[in-house]
Structures are given as C-alpha cells and as structure tokens.
Amino acid sequence: MSEPCDLTASELASRLAAGELSSSEIVRSSLDRIHEVDDRLGAFLTLTPEVAIERAEELDAYLTTGAPQNPAAGIPVALKDVLVTNGIRTTCGSRILETYVPPYDCTPWLRMSGAGSPLVGKTNCDEFAMGSSNENSAFGPVRNPWDLERVPGGSSGGSAAAVAAGEAVWALGTDTGGSVRQPASLCGVVGLKPTYGLVSRYGLIAFASSLDTVGTLTRSVRDAAVMLSVIGGRDHRDATCLDTDPVDHSEGIDAGIDGLRVGVIAGSLGEGVEPGVRDAVGAAIDRLVGMGAEVDEVTLPHADYALSAYYLIAPSEASSNLARYDGVRYGLREEGADSIEMMFRTRGRGFGAEVKRRIMLGTYALSAGYYEAFYGQAQKVRTLVIRDYEAAFADHDVVVSPTSPTTAFRIGERADDPMAMYLSDVFTIPANLAGVPAISVPCGFDVDGLPVGLQIAAPVLREDLVFRIGHALENELALDLRPPMLAA
Amino acid sequence: MPVEIDIDHVARLARLELDDEERERLRMQLGQILEHAARVGEVAAADVPPTSWAIPRANVFREDEPEPSLLQEEALRNAPDRAEARFRVPKISETGS
C-alpha cells in the first residue's frame with residue numbers, strides 16, 4: 011500500500027500545491043514509516059519528530075495564505091550525521107562525538123530548512139564517513155531494505171536506506187570516494203555527487219577536504235535536481251565553494267538524449283564485475299542507444315591507479331583533519347595522568363578500527379622520508395586522472411559505467427578484508443579525484459532481485475547532462491523500486 | 062612486497078593509543094594496503110605536475126562585515142571539563158611523547 015512518504019518530492023509538491031495533501035500528513039506518514047521499519051533497518055541515529063511536525067504545521071498555515079512555495083517546501087528530509095545541526099546531536103557515527111551537540115547549522119541544512127523542508131532525523135553512517143558498508147558505525151550497522159542480511163553500502167548508508175524505505179522522501183549524504191553513489195546503487199535510489207565545490211561544506215565535519223562533497227539521495231532524478239537547486243551555489247562561509255549563482259537544475263531535464271555522445275568506460279563491464287551488474291548495465295546502455303544516444307567505448311587509462319592514489323590522499327587528509335579530536339574542547343575525553351596521555355587514550359578509545367587504520371595510513375604517507383614516494387606521487391596520479399577525463403570529454407558528453415562492481419553484499423562478508431572493501435569504490439573514486447559530477451541511477455536488478463546502479467559522469471559543472479540522461483533512462487525503464495519489506 | 066612499517070613510531074606521531082592486537086593487525090593490513098598504493102609510483106613520471114585540488118580557487122575575498130559569532134557559553138557547551146570561561150585540561154608535561 012502506497013503512502014504519501016512513498017511518493018517523490020516532485021509528486022508531493024504538486025499535491026501540496028493542489029491542496030490534496032498537507033505537509034503535516036506527509037511528515038506524519040514518514041514518521042509512521044520510521045516507527046514501522048527502523049528497528050529493523052537502523053537507518054537513524056537521532057530522530058526529531060517534534061520539530062518536524064511543528065515545522066510542517068507552520069508551513070501548512072503559511073500555505074493556506076496562498077503564498078508561492080519552494081518546490082522543497084513541506085517535504086521531509088533526513089541528514090547524514092556528519093552535517094552539523096544546531097542543538098541536535100551530531101555524532102559522525104563515532105564514539106568520540108557521541109554526545110556532541112553543535113552550536114550552529116551547516117549551510118546545506120540551513121538552505122533546506124529555509125526552503126521549508128522539515129527534518130525527520132540524522133542518519134547512521136560509517137564512522138567519519140569512512141567505509142563502503144555502514145558496518146563501521148560505532149552505533150551498529152544499517153541494513154539494506156532489499157535484504158536485511160545485506161549491507162546498504164556506505165558511507166551514507168543510513169540516508170540511502172531511509173530514502174529507499176520511505177522513512178524520508180529525500181536525504182543529504184556526503185561523497186568523498188563514492189559514499190553517496192555506491193549506497194544509492196545498493197539501495198535502489200538515485201545518488202548525486204555534484205561538482206566539487208558546487209555545494210558549500212560549511213558545517214560538514216571534514217574527512218578529506220580536497221575530495222569531500224555534499225550530495226543528494228532521492229527517489230527520482232528530478233528530485234536530485236530540485237534538491238541541488240536548493241543547496242547549491244556560492245557561500246561566503248566556505249572559501250572552497252565555487253562562485254556560482256543558484257540555478258534551477260531541473261530546467262531542461264526533459265530535453266531527451268537524442269544525439270548525446272555516451273562513452274562506456276573500457277573494462278567496466280569486464281573482469282571483477284558481477285554478471286548481474288554487467289547484464290543490467292549493458293541492457294541500460296542498449297536502451298540509451300534506442301533513445302538516440304551515440305554510444306561507443308572510451309578509455310580512462312589511469313583509472314586503475316585512481317584507487318591507489320585515493321587510498322593515499324584521503325587517509326593523509328583525514329589524519330590531518332582528525333587531529334582536532336584531542337579531548338580538549340568537545341567530544342569524548344578519557345582521563346590520563348597528563349594532557350598527552352589523555353590525548354592518546356581519548357583517541358585510542360574514541361576511534362573505531364577503520365578510522366584508526368586510515369589515520370595510521372595517512373600519518374605514515376605524510377611522514378618524513380615517505381611523503382614523496384606516497385603522497386607526492388598520488389597527487390601526480392590525480393593530474394593524470396583529470397587529463398583522462400579531459401580527453402574522454404573532448405569527444406563525449408558523458409561517460410558511463412556500473413556504479414559498483416557488485417550488488418549489496420552480506421553483512422560481515424568483507425569486514426575483515428580492507429582491500430576487498432576498498433575495491434567497492436573502484437568506479438566511483440575517479441570522479442572525486444577529478445572533481446566532476448556523477449550520478450547513480452537505478453537501472454535494473456540481479457538474479458536475487460537486488461538493485462543495480464548505472465553511473466553517469468559529466469564535465470565539471472555539467473550536472474545538466476547527468477540529469478537529462480538519468481531522467482530519460484529512469485522514464486524509459488520505469489522500474490518498480492519498492493523494496494519487498496514494504497510489500498507486506 | 063608488503064611495506065614494512067614502524068607501527069609504534071607512526072602511532073606516536075598520530076597520538077593514538079593501540080593495544081598489542083591492534084598493532085599486529087595494523088602492521089599486516091597497512092603493509093598490504095601500501096603495497097597496492099605504492100603502484101602510484103609506476104605512472105607518476107617526473108614531468109607530471111602534482112594536483113592538490115581538482116578545481117582550485119585562489120584569493121577568495123569577501124566584504125569585511127561584522128557578523129554574529131559564537132557566544133562564549135555556546136563555544137564551551139561541549140567542553141569535557143571547564144574552569145570558568147576556559148577549557149580545563151590535565152597538567153601538561155613532557156612524558157608520553
């Protein structure tokens with residue numbers, strides 16, 4: 011049975027405008043769904059039902075005055091728990107921030123809130139956004155709504171699961187190496203990583219600053235465009251944010267794809283990719299041809315090295331960013347005989363295994379004698395990856411590949427093998443290194459009925475292309491993306 | 062070849078307390094990860110310039126206009142320990158580093 015929370019934001023906006031639904035009804039429907047399924051999913055770390063209902067009621071009162079509405083107004087949202095919220099606990103999925111209550115709001119949330127989107131809660135994630143399965147949260151794993159024995163992907167696994175299951179209509183996540191797109195792929199939702207710097211990161215708790223982006227998890231490509239229109243554009247509080255005007259990213263989304271040049275990344279449908287993923291992605295590419303796209307193969311010669319470069323650059327930046335957790339100003343403090351011992355113990359007991367692994371990796375890669383061989387060389391590989399994309403985009407509008415080499419894997423399956431886990435991000439990492447926008451759009455299912463995502467990447471600031479193609483494909487495929495747990 | 066790492070030295074630099082089991086596991090895992098990561102050296106030729114930001118911005122200015130900032134009480138609200146308007150820490154000494 012379909013409830014308001016199962017509709018897309020765009021459908022809900024039309025119903026709100028027509029007076030067929032109120033924001034309070036939509037918010038209550040989301041909250042009911044959370045109540046119904048979240049003890050099984052574990053998608054939320056903190057719920058904010060009172061403020062959500064209060065906000066919705068305010069909005070309903072305002073809407074009766076007939077004032078023009080923002081397309082995001084009244085549509086409930088969830089935020090990954092690495093985005094700070096004034097007065098609402100923000101943990102990063104870490105013991106070290108378990109009781110941290112930020113004194114300010116991050117810009118992306120401030121903009122969603124300003125557009126009238128009520129917050130239903132903060133979502134679970136891998137600790138400090140480090141992981142591809144959500145098993146690295148200090149507060150327990152998130153489960154995939156398509157199969158509760160499987161991971162939702164990570165690190166924005168809570169946001170992806172929440173949107174897939176109707177607990178929120180849409181959500182914000184963050185993507186440093188694939189952390190929006192990979193969970194979107196594994197949960198059967200749309201995940202957008204915008205151009206680096208298009209969305210302000212003021213109030214995003216930093217992981218790897220040269221790669222971190224704020225992205226969207228939605229149930230349609232149009233919703234991703236609407237959400238990006240709300241959160242994107244310059245912000246004087248973030249000096250790395252691009253100097254761009256806010257624009258309506260949904261404009262031109264219906265233009266079709268006739269004549270667009272699509273490059274399929276060579277090797278991305280070969281070895282190391284599950285047959286179910288190959289088949290679904292291959293079939294989706296055939297549909298693009300059928301809709302008039304010109305499709306051929308394109309080579310990113312250094313893509314193989316991108317993963318290696320990423321696992322030097324991201325941990326290096328993380329080891330520096332996470333130096334701030336010292337037990338002095340906020341967060342956990344473990345007692346010690348002096349300040350230094352206090353610091354060692356706080357960090358030793360406050361951080362989980364994956365975070366420690368990356369801090370150690372990054373500290374080593376930046377240390378005297380190894381800096382040039384590791385970090386310095388990795389920065390050169392980043393140059394090569396950027397050149398690869400430039401060459402590919404010289405005669406292609408977009409490049410496509412699977413988002414993830416596999417569908418959702420079983421909880422525990424890769425937990426003891428960091429290298430196997432890191433390979434989950436082999437197709438998503440290059441876009442972070444090059445700063446280009448990329449989207450994951452559901453494109454089919456494997457034999458077990460688990461969703462598969464197609465990744466579409468475009469040149470810097472050409473989100474319009476990924477939206478156009480993603481939207482056309484979504485309409486063409488018209489997949490039923492309701493997880494079986496909701497059928498009962 | 063897995064890379065050999067002085068785990069104790071790196072943990073000291075990172076200010077991380079590790080137990081024996083963690084040290085052993087990290088020695089093995091970091092060795093494997095770095096062996097894979099060291100492949101960056103295969104293609105990073107001398108004539109390739111490094112890139113630290115994919116989309117660099119330089120000299121980002123804004124008008125110097127006063128804005129409300131955090132109140133002292135708000136800044137101290139999450140302090141693990143405080144004394145009046147200050148963060149309080151255990152005594153600072155040379156040991157442990």
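Protein chains in written order, with the working numbering: chain B, 11 to 498; chain X, 62 to 158. Ideal Cβ positions, reconstructed from N, Cα and C, are used throughout, including at glycine. Because the structure is a prediction, the values reported are computed rather than measured.
- Counting only residues of its own chain and dropping the five nearest sequence neighbours on each side, L51 (chain B) has a CB closer than 7 Å to the CB of V152, R153, P155, A171, A175.
- For A467 (chain B), there is no enclosing alpha helix (DSSP H); the residue is part of the beta strand (DSSP E) that begins and ends at 461-467.
- Taking a Cβ-Cβ threshold of 9 Å, none of the residues of chain B is close to E82 (chain X); the smallest such distance is about 11 Å.
- Counting the other Cβ atoms within 10 Å of the Cβ of I295 (chain B) gives 16 or more, which makes it buried.
- DSSP, reduced to helix, strand and coil, places D80 (chain X) outside both helices and strands of the structure shown, so it counts as coil.
- For the region 129-156 of chain B, no residue has a beta-carbon sitting nearer than 8 Å to a beta-carbon of chain X.
- Partner residues in a beta bridge of E159 (chain B), as assigned by DSSP, do not exist.
- DSSP, read as helix, strand or coil, puts P428 (chain B) in helix.
- A residue is called buried when at least 16 other Cβ atoms come within 10 angstroms of its Cβ; P256 (chain B) does not meet this threshold and is exposed.
- Taken in chain order, the members of the region 325-345 of chain B whose beta-carbon sits within less than 8 Å of a beta-carbon on chain X are S329, A333, D336, G337, V338, R339, Y340, G341, L342, R343, E345.
- Along the region 109-122 of chain B, the positions whose C-beta sits under 9 Å from a C-beta of chain X are T109, Y110, V111, P112, P113, Y114, read in chain order.
- Of the candidates B:V61, B:A383, B:V408, B:S40, the residue whose Cα lies closest to the Cα of I275 (chain B) is B:V408.
- Unbroken alpha helix (DSSP H) stretches of 4 residues or longer found wholly inside the region 133-184 of chain B: 167-174, given in chain order.
- Between the region 96-116 of chain X and the region 380-389 of chain B there are three or more inter-stretch CB-CB distances shorter than 8 Å, so the stretches are counted as touching.
- One Cα belongs to P110 (chain X), the other to C197 (chain B), and the distance between them is close to 39 Å.
- At least one CB of chain B lies nearer than 8 Å to the CB of E78 (chain X).
- Look at F437 (chain B): its C-beta is not under 8 Å from any C-beta on chain X.
- Between P141 (chain X) and chain B, the shortest Cβ-Cβ separation is below 8 Å.
- Assignment of L298 (chain B) by DSSP, reduced to helix, strand and coil, places it in the helix class.
- For the 8 Å CB-CB criterion, P118 (chain B) and T95 (chain B) do not form a contact.
- Per DSSP, E134 (chain X) has no beta-bridge partner at all.
- Per DSSP, reduced to three states, the secondary structure at C116 (chain B) is coil, with no helix or strand assignment.
- Here the alpha carbon of V436 (chain B) sits roughly 47 Å from the alpha carbon of K152 (chain X).
- Counting only residues of its own chain and dropping the five nearest sequence neighbours on each side, R105 (chain B) has a CB closer than 8 Å to the CB of A148, L342, R359, G360, F361, G362.
- Secondary structure of S411 (chain B) (DSSP, three-state): strand.
- In this model, H70 (chain X) and R84 (chain X) are separated by some 11 Å (Cα to Cα).
- Taking a Cβ-Cβ threshold of 7 Å, the residues of chain B close to P111 (chain X) are G386, Q389, K390, T393, in chain order.
- Cβ-Cβ distances below 6 Å link N331 (chain B) to A216 in the same chain, with the five nearest sequence neighbours on each side left out; the list follows chain order.
- For V451 (chain B), the closest Cβ of chain X is not nearer than 8 Å.
- When rounded, the separation of the alpha-carbon atoms in D289 (chain B) and A105 (chain X) is 35 Å.
- Fewer than three Cβ pairs drawn from the region 40-57 of chain B and the region 66-77 of chain B lie within less than 8 Å of each other, which leaves the two stretches out of contact.
- By the CB criterion at 8 Å, F477 (chain B) and A328 (chain B) fall outside the cutoff.
- Taking A136 (chain X) as reference, the option from B:R339, B:A19, B:R368 with the minimal CA-CA separation is B:R339.
- Within 9 Å of the CB of E135 (chain X), the CB atoms of chain B belong to P113, Y114, in sequence order along the chain.
- R359 (chain B) carries a helical assignment under DSSP once its states are collapsed to helix, strand and coil.
- Using a C-beta cut-off of 8 Å, the region 222-238 of chain B makes contact with the region 479-487 of chain B, since at least three inter-stretch Cβ pairs fall below that distance.
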